[in-house]
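Note that this note's numbering numbers the sequence shown so that position 123 is 123, with each residue one more than the last.
Worksheet: one structure, shown below.
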Amino acid sequence: MTAEGNLHKMYTHFGSPIEYALKLGDDPIELNQLLGKKITVEFEGRINCVSCGNLTKKAFGQGFCYPCFANAPENAECILRPELCEGHLGGGRDPEWEKKHHVQPHYVYLALSSGLKVGITRETQIPTRWIDQGASSAIILAEVPYRRLSGESEVALKEFYSDRTNWQRMLKNQVLEADLTQVKEEAASRLSDELRKYVTTDKEVWNLNFP
1 MTAEGNLHKM YTHFGSPIEY ALKLGDDPIE LNQLLGKKIT VEFEGRINCV
51 SCGNLTKKAF GQGFCYPCFA NAPENAECIL RPELCEGHLG GGRDPEWEKK
101 HHVQPHYVYL ALSSGLKVGI TRETQIPTRW IDQGASSAII LAEVPYRRLS
151 GESEVALKEF YSDRTNWQRM LKNQVLEADL TQVKEEAASR LSDELRKYVT
201 TDKEVWNLNF P
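Here it is in C-alpha coordinates:
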(Lines of atoms letter the chains of each structure in order from A and count residues from 1; the text may use other names and numbers.)
(Lines give C-alpha, C1' and ligand atoms only; values in the text may rest on other atoms or scores of the structure.)
Protein backbone atom coordinates (compact mmCIF):
# COMPACT_ATOMS: atom_id res chain seq x y z
CA MET A 1 0.00 0.00 0.00
CA THR A 2 1.39 3.41 -1.00
CA ALA A 3 -0.08 6.91 -0.93
CA GLU A 4 1.15 10.44 -1.42
CA GLY A 5 -0.09 13.97 -0.87
CA ASN A 6 -0.21 16.65 1.79
CA LEU A 7 -0.22 15.27 5.30
CA HIS A 8 -3.19 16.47 7.36
CA LYS A 9 -4.56 15.91 10.83
CA MET A 10 -5.74 12.34 11.31
CA TYR A 11 -9.39 11.43 11.11
CA THR A 12 -10.83 9.84 14.24
CA HIS A 13 -14.01 7.92 14.88
CA PHE A 14 -15.49 7.38 18.34
CA GLY A 15 -15.78 3.65 18.89
CA SER A 16 -14.46 0.98 21.19
CA PRO A 17 -11.63 1.20 20.50
CA ILE A 18 -11.31 4.61 18.83
CA GLU A 19 -10.49 4.35 15.12
CA TYR A 20 -7.83 6.40 13.34
CA ALA A 21 -7.25 7.15 9.67
CA LEU A 22 -4.41 9.04 8.02
CA LYS A 23 -5.54 11.75 5.62
CA LEU A 24 -2.98 11.50 2.83
CA GLY A 25 -4.08 12.10 -0.73
CA ASP A 26 -7.61 11.16 -1.83
CA ASP A 27 -8.28 8.07 0.26
CA PRO A 28 -7.87 7.87 4.04
CA ILE A 29 -5.59 5.08 5.29
CA GLU A 30 -7.07 3.06 8.14
CA LEU A 31 -4.40 2.94 10.83
CA ASN A 32 -5.80 0.57 13.47
CA GLN A 33 -5.11 -2.36 11.13
CA LEU A 34 -1.47 -1.25 10.83
CA LEU A 35 -0.71 -1.33 14.56
CA GLY A 36 2.40 -3.42 15.15
CA LYS A 37 3.42 -3.23 11.50
CA LYS A 38 6.27 -1.28 9.89
CA ILE A 39 5.49 1.81 7.82
CA THR A 40 7.76 4.29 6.05
CA VAL A 41 7.11 8.01 5.70
CA GLU A 42 9.15 10.07 3.25
CA PHE A 43 9.05 13.89 3.15
CA GLU A 44 9.55 15.28 -0.36
CA GLY A 45 10.12 18.87 0.73
CA ARG A 46 6.79 20.29 -0.39
CA ILE A 47 4.85 22.43 2.09
CA ASN A 48 1.43 23.84 1.28
CA CYS A 49 -0.25 26.37 3.58
CA VAL A 50 -3.13 24.80 5.53
CA SER A 51 -5.21 27.93 4.96
CA CYS A 52 -4.67 29.16 1.37
CA GLY A 53 -2.95 26.07 -0.06
CA ASN A 54 -0.06 28.04 -1.57
CA LEU A 55 3.44 26.59 -1.63
CA THR A 56 5.66 27.93 1.15
CA LYS A 57 9.31 27.34 1.97
CA LYS A 58 8.62 27.43 5.69
CA ALA A 59 5.54 26.70 7.78
CA PHE A 60 4.50 29.00 10.62
CA GLY A 61 2.26 28.11 13.52
CA GLN A 62 0.51 24.86 12.68
CA GLY A 63 1.21 24.90 8.96
CA PHE A 64 0.55 28.43 7.70
CA CYS A 65 2.46 30.45 5.12
CA TYR A 66 3.60 33.74 6.62
CA PRO A 67 0.80 35.95 5.15
CA CYS A 68 -1.87 33.59 6.54
CA PHE A 69 0.01 33.29 9.82
CA ALA A 70 -0.25 37.08 10.11
CA ASN A 71 -3.74 37.59 8.72
CA ALA A 72 -5.89 34.43 8.55
CA PRO A 73 -8.77 34.21 11.08
CA GLU A 74 -7.76 30.60 11.84
CA ASN A 75 -4.59 31.96 13.42
CA ALA A 76 -5.99 34.95 15.31
CA GLU A 77 -5.00 35.51 18.95
CA CYS A 78 -8.41 34.37 20.17
CA ILE A 79 -7.72 30.86 18.85
CA LEU A 80 -5.29 30.38 21.74
CA ARG A 81 -6.94 32.93 24.03
CA PRO A 82 -10.70 32.58 23.51
CA GLU A 83 -11.42 35.04 26.30
CA LEU A 84 -10.29 37.75 23.84
CA CYS A 85 -12.74 36.76 21.08
CA GLU A 86 -14.83 39.61 19.67
CA GLY A 87 -16.78 37.60 17.10
CA HIS A 88 -20.08 38.11 18.95
CA LEU A 89 -19.49 41.87 18.67
CA GLY A 90 -18.94 41.67 14.92
CA GLY A 91 -15.16 41.95 15.31
CA GLY A 92 -12.21 39.73 14.48
CA ARG A 93 -9.98 39.35 11.43
CA ASP A 94 -12.92 38.11 9.34
CA PRO A 95 -16.39 38.80 10.83
CA GLU A 96 -18.11 36.28 8.54
CA TRP A 97 -15.63 33.55 9.50
CA GLU A 98 -16.08 34.49 13.17
CA LYS A 99 -19.85 34.26 12.83
CA LYS A 100 -19.59 30.78 11.34
CA HIS A 101 -17.03 29.38 13.77
CA HIS A 102 -17.03 31.43 16.98
CA VAL A 103 -20.55 32.82 17.28
CA GLN A 104 -21.73 29.26 17.73
CA PRO A 105 -22.41 27.06 20.78
CA HIS A 106 -19.24 26.20 22.66
CA TYR A 107 -18.77 23.76 25.52
CA VAL A 108 -16.66 24.00 28.62
CA TYR A 109 -15.56 20.53 29.69
CA LEU A 110 -13.57 18.66 32.32
CA ALA A 111 -11.39 15.74 31.21
CA LEU A 112 -9.03 13.21 32.72
CA SER A 113 -5.76 12.33 31.01
CA SER A 114 -2.42 12.93 32.73
CA GLY A 115 -4.41 14.96 35.23
CA LEU A 116 -7.67 16.85 35.61
CA LYS A 117 -8.05 19.36 32.79
CA VAL A 118 -10.48 22.13 31.92
CA GLY A 119 -10.96 22.98 28.26
CA ILE A 120 -13.35 24.34 25.65
CA THR A 121 -14.52 23.18 22.25
CA ARG A 122 -17.20 23.75 19.67
CA GLU A 123 -20.25 21.51 19.61
CA THR A 124 -19.06 19.90 16.37
CA GLN A 125 -15.74 18.83 17.99
CA ILE A 126 -17.21 16.52 20.64
CA PRO A 127 -15.75 13.96 21.23
CA THR A 128 -12.98 14.64 18.67
CA ARG A 129 -11.33 17.19 20.94
CA TRP A 130 -11.04 14.68 23.79
CA ILE A 131 -9.67 12.00 21.47
CA ASP A 132 -7.02 14.43 20.19
CA GLN A 133 -5.95 15.17 23.75
CA GLY A 134 -5.82 11.54 24.82
CA ALA A 135 -8.45 11.92 27.53
CA SER A 136 -9.57 8.73 29.25
CA SER A 137 -12.90 10.29 30.22
CA ALA A 138 -14.67 13.64 30.01
CA ILE A 139 -17.82 15.45 31.08
CA ILE A 140 -19.52 18.61 29.77
CA LEU A 141 -19.61 21.37 32.36
CA ALA A 142 -21.36 24.20 30.52
CA GLU A 143 -22.83 25.18 27.17
CA VAL A 144 -22.41 28.84 26.16
CA PRO A 145 -23.72 30.67 23.07
CA TYR A 146 -20.38 32.01 21.80
CA ARG A 147 -16.64 31.55 22.15
CA ARG A 148 -15.74 34.41 24.48
CA LEU A 149 -17.92 33.10 27.30
CA SER A 150 -16.26 29.69 27.08
CA GLY A 151 -12.85 31.38 27.33
CA GLU A 152 -13.93 33.41 30.34
CA SER A 153 -15.16 30.23 32.03
CA GLU A 154 -11.87 28.46 31.32
CA VAL A 155 -9.86 31.37 32.70
CA ALA A 156 -11.98 31.38 35.86
CA LEU A 157 -11.21 27.70 36.44
CA LYS A 158 -7.50 27.70 35.52
CA GLU A 159 -6.68 28.59 39.11
CA PHE A 160 -8.05 25.22 40.18
CA TYR A 161 -7.59 22.94 37.15
CA SER A 162 -4.88 22.79 34.50
CA ASP A 163 -5.67 23.75 30.91
CA ARG A 164 -2.82 21.64 29.53
CA THR A 165 -2.05 17.94 29.14
CA ASN A 166 1.23 16.44 30.34
CA TRP A 167 1.74 14.28 27.25
CA GLN A 168 4.75 12.46 28.71
CA ARG A 169 2.65 11.13 31.60
CA MET A 170 -0.26 10.44 29.28
CA LEU A 171 1.85 8.27 26.95
CA LYS A 172 3.09 6.31 29.96
CA ASN A 173 -0.60 5.71 30.83
CA GLN A 174 -0.16 7.56 34.11
CA VAL A 175 -3.81 8.61 34.16
CA LEU A 176 -5.51 10.33 37.08
CA GLU A 177 -8.73 8.82 38.38
CA ALA A 178 -11.55 10.98 39.73
CA ASP A 179 -15.35 11.15 39.93
CA LEU A 180 -16.11 13.64 37.15
CA THR A 181 -19.73 14.17 38.24
CA GLN A 182 -18.47 15.28 41.65
CA VAL A 183 -15.74 17.42 40.08
CA LYS A 184 -18.39 19.06 37.87
CA GLU A 185 -20.39 20.16 40.91
CA GLU A 186 -17.24 21.54 42.49
CA ALA A 187 -16.23 23.40 39.32
CA ALA A 188 -19.71 24.87 38.87
CA SER A 189 -19.57 26.34 42.38
CA ARG A 190 -16.35 28.14 41.45
CA LEU A 191 -17.89 30.05 38.55
CA SER A 192 -19.43 33.50 38.86
CA ASP A 193 -23.23 33.80 38.90
CA GLU A 194 -23.11 35.11 35.31
CA LEU A 195 -21.20 32.05 34.05
CA ARG A 196 -22.85 29.49 36.33
CA LYS A 197 -26.18 29.90 34.57
CA TYR A 198 -24.70 28.09 31.57
CA VAL A 199 -23.81 24.95 33.56
CA THR A 200 -25.66 21.92 32.17
CA THR A 201 -27.59 19.34 34.18
CA ASP A 202 -26.12 16.57 32.03
CA LYS A 203 -24.22 14.01 34.13
CA GLU A 204 -23.07 11.80 31.25
CA VAL A 205 -19.41 10.80 31.48
CA TRP A 206 -17.75 9.92 28.18
CA ASN A 207 -15.25 7.06 28.47
CA LEU A 208 -12.63 6.74 25.74
CA ASN A 209 -10.98 3.45 24.88
CA PHE A 210 -7.82 3.84 22.78
CA PRO A 211 -6.34 1.08 20.60
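By construction, the Cβ of each residue, glycine as well, lies at the ideal position given by its N, Cα and C atoms.
Any 3 or more C-beta pairs closer than 8 Å across the stretch 124-136 and the stretch 163-171: yes
Opening and closing residue of the beta strand (DSSP E) in which A188 lies: First-last for A188: 180-189, but that is the alpha helix (DSSP H), not the beta strand (DSSP E).
Contact between the stretch 111-119 and the stretch 91-103 (3+ Cβ pairs under 8 Å): no
Separation of E186 from Y161, as counted between CA atoms: 11 Å
Pair within 8 Å by beta-carbon distance, S153 and V205: no
Start-to-end residues for the alpha helix (DSSP H) that takes in Y66: 66-71
3-residue-minimum beta strand (DSSP E) runs that sit fully inside the stretch 137-182, ordered along the chain: 137-144
Close Cβ partners of V183 (< 7 Å) along its chain, the five nearest in sequence each way excluded: L110, L116
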